[in-house]
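Just so we're aligned: the sequence shown equals residues 3 to 240 in the numbering used here.
Note that beta-carbon positions come from the ideal geometry of N, C-alpha and C, so glycine has one too.
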Amino acid sequence: MVTALLPVRVNQAVVRRRGKTLLGPVDLELGPRGFTIVLGPNGAGKTTLLKTIHGLSRLSSGHVEWSLPAEEARQRQGYVFQSPIMLRRSVRANLAYPLRLAWARQKDIAEAVEHWAGAIGLSGALDRPAPQLSGGEKQKLALARALIRSPDILFLDEPCANLDGRSMREIETLLQKAHDAGTRIVMSTHDLAQAQRLATDILFLFNGTVHESGPAEQCLRSPRTAELAAFLRGDILE
């Protein structure tokens, strides 16, 4: 029997760097299902929050509690950066890398690589150097590389920033399919229309704290705080 990774609980989490508080204190819980969109102005702490829950940012105080030991929890997560990081290898090698780390069988790796290359429209580019791909292709490859191990939860830091409409639509389709298949998704974005299309729930960050949270429809249509209402209007928050 596979033990559930979620929920994950964030308790009084604070991140400080060089005397400045970047995040916190934050208390929240992410359950086993949902497509959480993290909103907030620049500098609100969105990236720091994602990295903190995932374990990429060191906590100054507080803690993150998964429902499994930390090492196993790390193996069952994925993370996609705003600027995709490519191995200086082929598309095929980039896709295979997470499965090789997991000591998967060669046959299973080959089948998974073919499947995901097809899913992102790169079947004909498997032997191309990944750094030579376009921005949209790199982001799709980074997403497929994160999804190839079927993570329980996937964190994404503005994965569609600076992409054209077609690439954005393709990435959203991949994310929606992953969510429908059971992957818990937590994603930051500045695109309110994207939030409306994808979110089941919203986390609104302001000045490093979760200022408002709740079901997407309620937060986006009837915000409880003046700050979220101002953000949705496009006002500048200071």
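So what does DSSP say about S59, is it helix, strand or coil?
Taking the first residue of the sequence shown as position 1, residue 59 is located at position 57. S59: coil per DSSP, three-state reduction.
Assign I238 to buried or exposed, taking buried as 16 or more other Cβ atoms, counted over all protein chains shown, within 10 Å of its Cβ.
Taking the first residue of the sequence shown as 1, we reach residue 238 at position 236. Under this definition I238 is an exposed residue.
Considering only the beta carbon of each residue, do G210 and G26 sit closer than 7 Å?
To locate residue 210, count along the sequence shown from 1; it is residue 208. To locate residue 26, count along the sequence shown from 1; it is residue 24. Yes, these two residues count as a Cβ contact at 7 Å.
Count the other CB atoms, across all protein chains shown, that sit within 10 Å of the CB of H213; report buried if there are 16 or more and exposed otherwise.
Reading the sequence shown from its first residue, position 211 is the one you call residue 213. Buried.
Does M3 pass the burial test, meaning 16 or more other C-beta atoms within 10 Å, or should it be called exposed?
What you label residue 3 is simply residue 1 of the sequence shown in a count that begins at 1. At M3, the pLDDT of 40 sits below 50, so the modelled position is not reliable; the number obtained from the coordinates is stated separately. So M3 ends up on the exposed side.
Within the chosen definition, does the stretch 47–57 reach the stretch 147–166 through at least 3 CB pairs nearer than 8 Å?
Cβ pair count under 8 Å is three or more, so yes.
Enumerate in chain order the residues of its own chain whose CB-to-CB distance from G47 is below 7 Å, with the five nearest sequence positions on each side excluded.
The count along the sequence shown starts at 1 and reaches residue 47 at position 45. Contacts found: L24, L25, L207 and G210.
Compute the distance between the beta-carbons of V115 and A95, then report whether it is under 7 Å.
As a first step, residue 115 must be located in the sequence shown, where it is residue number 113. As a first step, residue 95 must be located in the sequence shown, where it is residue number 93. No; because the gap between Cβ atoms is not below 7 Å, this pair is not in contact.
What are the boundary residues of the alpha helix (DSSP H) that P100 is part of?
For the purposes of this step, residue 100 is taken as the residue at position 98 of the sequence shown. First-last of the alpha helix (DSSP H) with P100: V93 to L103.
Check G192 in the structure and name its three-state DSSP category.
Mapped onto the sequence shown, residue 192 falls at position 190. Note that residue 192 is His in the sequence shown, not Gly. If DSSP states are grouped into helix, strand and coil, H192 belongs with coil.
Is it a yes or a no for the stretch 53–72 touching the stretch 110–130, going by three-plus beta-carbon pairs under 8 Å?
no
To which residues of the same chain is P9 closer than 7 Å at the C-beta, ignoring the five residues directly before and after it?
As a working note, residue 9 is residue 7 in the sequence shown. The answer, listed in chain order, is E31, L32, G33, P34 and S69.
If we call anything under 7 Å between Cβ atoms a contact, is G64 one with V16?
The sequence position of residue 64 within the sequence shown is 62, counting from 1. The sequence position of residue 16 within the sequence shown is 14, counting from 1. Cβ distance < 7 Å, so G64 and V16 count as in contact.
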